[in-house]
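Chains as they are written, first to last, in my numbering: chain A, 2 to 170; chain B, 691 to 725. Here a beta-carbon is modelled for each residue, glycine too, at the ideal position from N, C-alpha and C.
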Amino acid sequence: MDYLDYDWLVFLFRYFHVLSGVMWIGLLWYFNFVQIPTMPKIPEEQRPAVTGHIAPEVLFWFRWAALSTVVTGLILAWMNGYLVDALAIGLTDGSSRSAAIGIGMWFGLIMAYNVWFIIWPKQQIALGLVEADASLKPAAGRTAMLFSRTNTMLSVPMLYAMVSAQNIY
Amino acid sequence: MKNPLESLSGTILMGLIILVVMVVVVEAIGSGGAI
């Protein structure tokens, strides 16, 4: 194994891509499998511990991990020479591999967009991290929850697409 | 009809449905349109 050669650098970006992706999707699933279903069961006077301390910290790592996953993923696809074929979901080269990785990439891009441009701004309102009318908080929280659920839904086929492109196509 | 994203189970079910459709599309693209 030669270190610092091209193949090793490709591997390094893949490693950081997986590392970032685990943190992103792990925290997404924390929100959806743990925090959202548990919040109604927590006594009201204890909820500020979650909304004021835990959730903002989760959102920090969540959104930056999302960005890191996308950036390292796009660099990885470019280094591997399939960025254009993948973004064209394999319609340019007619390969299942490009179709699988490409659909996974588009799902990932949509999810990252949701994180940065919908979930994060709405959560800032819902959690009181920015100045906003109190009457706007419930609607903002609900929108953030539904888009978080959308991302959880997309994570199921997205991860299949990513792993299948690597292993069965 | 209830929005499937209102529940976690509905969310996962929708994800699995999208997964199945996606696999069909991937196979179709790989075989030049013939599944």
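Looking at the C-beta of residue i, does it have a partner C-beta in chain A at a distance below 8 Å?
i         : result
MET712(B) : yes
MET704(B) : yes
Using the beta-carbon count (16 or more within 10 Å), is residue i buried or exposed?
i         : result
VAL23(A)  : exposed
VAL714(B) : exposed
VAL116(A) : buried
SER697(B) : exposed
PHE63(A)  : buried
TRP25(A)  : buried
TYR7(A)   : exposed
HIS18(A)  : buried
ASN81(A)  : exposed
PHE108(A) : buried
LEU137(A) : exposed
ALA166(A) : buried
SER21(A)  : buried
GLY722(B) : exposed
VAL716(B) : buried
Let me make sure I understand the geometry here. Which of the options has the alpha-carbon closest to that of residue i?
i         : options                                    : result
ILE111(A) : SER136(A), ASP86(A), ASN152(A)             : ASN152(A)
ILE119(A) : SER149(A), SER96(A), LEU137(A)             : SER149(A)
ALA113(A) : ILE126(A), VAL71(A), ALA127(A), LYS138(A)  : VAL71(A)
VAL157(A) : SER721(B), PRO694(B), LEU703(B), VAL716(B) : LEU703(B)
VAL11(A)  : THR144(A), VAL85(A), THR73(A)              : THR73(A)
PHE34(A)  : LEU709(B), THR701(B), GLY722(B)            : THR701(B)
LEU15(A)  : LEU84(A), ALA78(A), TRP65(A), TYR83(A)     : Looking at the sequence itself, residue 15(A) is Arg, so the reference to Leu does not match. The residue with the shortest Cα to Cα distance from ARG15(A) is ALA78(A).
THR144(A) : ILE55(A), GLN125(A), MET159(A)             : GLN125(A)
Would residue i count as contacting chain B if we go by Cβ distances under 8 Å?
i         : result
ILE169(A) : no
TYR161(A) : yes
PRO139(A) : no
PHE63(A)  : no
ARG143(A) : no
VAL85(A)  : no
PHE34(A)  : yes
PRO122(A) : no
Just checking my contact of residue i with residue j at CB under 8 Å: how many whole Å lie between their CB atoms?
i         : j         : result
GLY105(A) : ALA162(A) : 3 Å
VAL59(A)  : LEU28(A)  : 5 Å
LEU155(A) : GLY705(B) : 7 Å
SER69(A)  : TYR170(A) : That pair is no contact at about 25 Å.
Is residue i a contact residue of the ligand COA, with contact defined as CB to any heavy atom under 7 Å?
i        : result
TRP62(A) : This structure does not include the ligand COA; it has no bound ligands of any sort.
Validate contact between the segment 73 to 90 of chain A and the segment 99 to 111 of chain A using beta carbons, cut 8 Å, 3 pairs: The segment 73 to 90 of chain A and the segment 99 to 111 of chain A touch, with no fewer than 3 CB-CB distances between them shorter than 8 Å.
Check whether the segment 40 to 59 of chain A touches the segment 131 to 138 of chain A, taking contact to mean three or more Cβ pairs, one atom from each stretch, closer than 8 Å. In short, these stretches do not touch, since the Cβ pair count stays below three.
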